[in-house]
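Here is the structure we will look at.
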Amino acid sequence: METTLHKELADANLLIKGNHQWLSVLLDDTLLYSRSKESTRNNPGLSLSIIDLPESYVGKTLKIVVSSPYQNYAGLTPKVYLGTTSPMISFIFSQSIPQVIAMILAFVIAIGLLIWTSYILYRHNRIDRSLVILSLFSFVLGFESISEDILSGVLFEPIVHSIFSHLFAILTSILIIFYYQSKMTNYQKWYGYFCYFQTFIFANILLYAAFSDFELPELMPFASVVSVVSTLVTSLASIGEAYKQNRFFTVCSPWIVLIAIFHCMFYIQTALGIGHSIINWSTLLFAILLIVIVGYNIMENIMKIDSYHKERLFLQTKTDLIETHYSKIQTQIQQIDQAKNDFVAQMEELSQLIDANEQAEANTYLKRIVDETRRLDLSLFPTGHQLTNLILARYQEVATKKNIKVDFHTHIPASLPIHDEDFTQLLIHILEHSFRETQAIENPLHREIYLSIQEINSQIQIHCEHSTHYEKNIFSKDVTEELIRQEQYDLMMIQTTLDKYSSSLVQEKDKWVDRLKINISPG
Numbered sequence: 307m308e309t310t311l312h313k314e315l316a317d318a319n320l321l322i323k324g325n326h327q328w329l330s331v332l333l334d335d336t337l338l339y340s341r342s343k344e345s346t347r348n349n350p351g352l353s354l355s356i357i358d359l360p361e362s363y364v365g366k367t368l369k370i371v372v373s374s375p376y377q378n379y380a381g382l383t384p385k386v387y388l389g390t391t392s393p394m395i396s397f398i399f400s401q402s403i404p405q406v407i408a409m410i411l412a413f414v415i416a417i418g419l420l421i422w423t424s425y426i427l428y429r430h431n432r433i434d435r436s437l438v439i440l441s442l443f444s445f446v447l448g449f450e451s452i453s454e455d456i457l458s459g460v461l462f463e464p465i466v467h468s469i470f471s472h473l474f475a476i477l478t479s480i481l482i483i484f485y486y487q488s489k490m491t492n493y494q495k496w497y498g499y500f501c502y503f504q505t506f507i508f509a510n511i512l513l514y515a516a517f518s519d520f521e522l523p524e525l526m527p528f529a530s531v532v533s534v535v536s537t538l539v540t541s542l543a544s545i546g547e548a549y550k551q552n553r554f555f556t557v558c559s560p561w562i563v564l565i566a567i568f569h570c571m572f573y574i575q576t577a578l579g580i581g582h583s584i585i586n587w588s589t590l591l592f593a594i595l596l597i598v599i600v601g602y603n604i605m606e607n608i609m610k611i612d613s614y615h616k617e618r619l620f621l622q623t624k625t626d627l628i629e630t631h632y633s634k635i636q637t638q639i640q641q642i643d644q645a646k647n648d649f650v651a652q653m654e655e656l657s658q659l660i661d662a663n664e665q666a667e668a669n670t671y672l673k674r675i676v677d678e679t680r681r682l683d684l685s686l687f688p689t690g691h692q693l694t695n696l697i698l699a700r701y702q703e704v705a706t707k708k709n710i711k712v713d714f715h716t717h718i719p720a721s722l723p724i725h726d727e728d729f730t731q732l733l734i735h736i737l738e739h740s741f742r743e744t745q746a747i748e749n750p751l752h753r754e755i756y757l758s759i760q761e762i763n764s765q766i767q768i769h770c771e772h773s774t775h776y777e778k779n780i781f782s783k784d785v786t787e788e789l790i791r792q793e794q795y796d797l798m799m800i801q802t803t804l805d806k807y808s809s810s811l812v813q814e815k816d817k818w819v820d821r822l823k824i825n826i827s828p829g
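Each residue of the sequence shown is one higher than the one before, starting from 307 at the first, in the numbering used here.
See the structure below:
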């Protein structure tokens, strides 16, 4: 390639970036620069050369002779830039900014992931395989970002630059597919076979380059062909996992597939020996994917922490309910013991009447015992579900203090087709919804709440209604936004909880009654 130089610059320089090519630069017939094949090595590497032009270069013909021992690089045009020293240095750094940012970001993420992995190992005595792979991928991606950067051509020898570039490109491809495999649940086994197959091919390419006369640059097109197949297989597996409700792939598969398509194009260009860019777009796309994956992991951990706090709050609520009603249960147990003793004494007295042949008095006394027993309420557990008993007992006390007449009918087993945390939240919000309106009724005689919880054909049916009497309600005198917000919040939380299950919610509301009908099915 040659051209005539017309523009005059003071202290002019040539910047030439060679891609596995031997280069010679001539000005007319004068040799300015030559980098030719050496006897000790055949690989030209990724070179970056800055050449000073003589002062009398204007009007002369600049000729650049390019040759390469590799077929895929022989026809490529080297990147040539003409300018002065300061703008040339600025240009080198400006071209490096995206890669340097990607490198810094990747290293920071990698260090953060390793710290988090160490914390999990210390706290839970286990190693999170997916986090280890992701941290290694992030580290290797950082090295790949700088290894193919134009600035690294200044820092490293061309052969070192070339080896790092190809080696880290292979490692990033291997690590990312193994990370995908670690997050799969449905196709993990079969995709794992493909991951090991791709690793086997890449390992053989590296070994063949190390122990044969072939150089790694001329073997990389074979790796690119394998990578093309890998992007297609990965895209299909990701879509399949997303279809089967794998949360990670549901969120990340659009990014995985989109970036896989771009990588497929880059790999095809590499395999054909065309389209080499001064910016390594492959690493930038991997950096975007890394940000997406890390963002998902952060959100997943936030959700886990939130779930953990909810579980702790649930257990604390359960403990508080048990402690609150422990004394009441103790009192009821004492009442049962007293009733047993009274019953024994009454039976002894009845026996004495029978022995004395006082039949009429014995019959009268027996009827009195039966009537007293029927009026005696010694029920400790109205239902088999412990939490329901505790919650209803708590609201029974609230109803007594607020002069609210409550009627609770429950018939449910100890095990429900809904998690205890969800059922507790559901029941509390139902009762809060009823108590908030009912306690605002001016006339205590009109404050009534009815609650029925039944298990019928393995379904939980909840029927809750309360009186409203809106024309006599204190809300009509001073309706506040806070009360309305609380009411809407209760109904929203009820619906949110029910959405987790196969369920239905019907609200019937008129001038006198507000009624909720809920049906929860197993599954």
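Just so you know, even glycine gets a beta-carbon here, dropped at the ideal spot from N, CA and C.
Give me the Cα-Cα distance between residue 500 and residue 440, rounded to the nearest whole angstrom.
-> 19 Å
Assumed close pair residue 390, residue 318 - CB separation to whole angstroms, cut-off 8 Å = 6 Å
Taking only the alpha-carbon atoms, compute the straight-line gap between residue 328 and residue 527 and give it to the nearest angstrom.
-> Taking the straight line joining both Cα atoms gives about 20 Å.
Would you call the CB atoms of residue 773 and residue 755 closer than 9 Å?
-> yes
Could you tell me which of 793, 702, 703 sits nearest to residue 742, measuring between CA atoms?
-> 793
Return the chain-ordered list of same chain residues with a C-beta closer than 6 Å to the C-beta of residue 815, the five sequence neighbours on each side being excluded.
-> none
Could you pull the start and end residues of the beta strand (DSSP E) that residue 462 belongs to?
-> Premise fails: residue 462 is in no beta strand (DSSP E) and is neither H nor E.
Note down the Cα distance separating residue 736 from residue 675, rounded to an integer number of angstroms.
-> If you take the alpha carbons of residue 736 and residue 675, they lie about 40 Å apart.
Please go through the same chain and pick out, in chain order, the residues whose beta-carbon is closer than 6 Å to the beta-carbon of residue 652, but skip the five residues on each side of it.
-> 675
Any 3 or more C-beta pairs closer than 8 Å across the stretch 425–439 and the stretch 481–495 | yes
Taking residue 443 as the reference, which of 449, 481, 473, 422 has the closest Cα?
-> 481
Excluding sequence positions up to five away, which residues of its chain have a Cβ less than 8 Å from the Cβ of residue 523?
-> 326, 349, 376, 378, 379, 468, 472
DSSP state of residue 825, grouped into three classes?
-> strand
Mind pulling the alpha helix (DSSP H) runs of 4 or more residues that sit fully within the stretch 499–557?
-> 522–549
Given a threshold of 16 other Cβ atoms within 10 Å of its Cβ, counted over all protein chains shown, does residue 450 qualify as buried or as exposed?
-> buried
Spatial neighbours of residue 494 in its chain, beta-carbon cut-off 7 Å, leaving aside the 5 residues before and after | Cβ within range, chain order: 487.
May I ask which residues mark the beginning and end of the alpha helix (DSSP H) holding residue 707?
-> 692–707
Please report the residue range of the beta strand (DSSP E) in which residue 328 lies.
-> Segment 328–333, the beta strand (DSSP E) holding residue 328.
Those residues which DSSP pairs with residue 819 across a bridge | 773
From 509, 392, 497, 553, residue whose alpha carbon lies closest to that of residue 877 | No answer is possible for residue 877: the residues shown for the chain start at 307 and end at 829.
Touch test, the stretch 394–403 against the stretch 332–341, Cβ-Cβ under 8 Å, three pairs minimum | No: the two stretches stay apart, fewer than three of their Cβ pairs being nearer than 8 Å.
By how many angstroms is the C-alpha of residue 717 removed from the C-alpha of residue 684?
-> Below a pLDDT of 50, predicted positions are generally treated as unreliable, and residue 684, at 48, falls in that range; no measurement from the model is reported.
Near residue 558, what residues of its chain come up, given a Cβ to Cβ distance below 7 Å and the 5 sequence neighbours on each side ignored?
-> 598, 599, 602
Comparing alpha-carbon positions, which option in 677, 538, 431, 669 lies nearest residue 569?
-> 538
Below 7 Å CB to CB, which residues in the same chain sit around residue 769 once its five sequence neighbours on both sides are set aside?
-> 758, 823
Identify whether residue 756 lies in helix, strand or coil by the three-state DSSP scheme.
-> DSSP, read as helix, strand or coil, puts residue 756 in strand.
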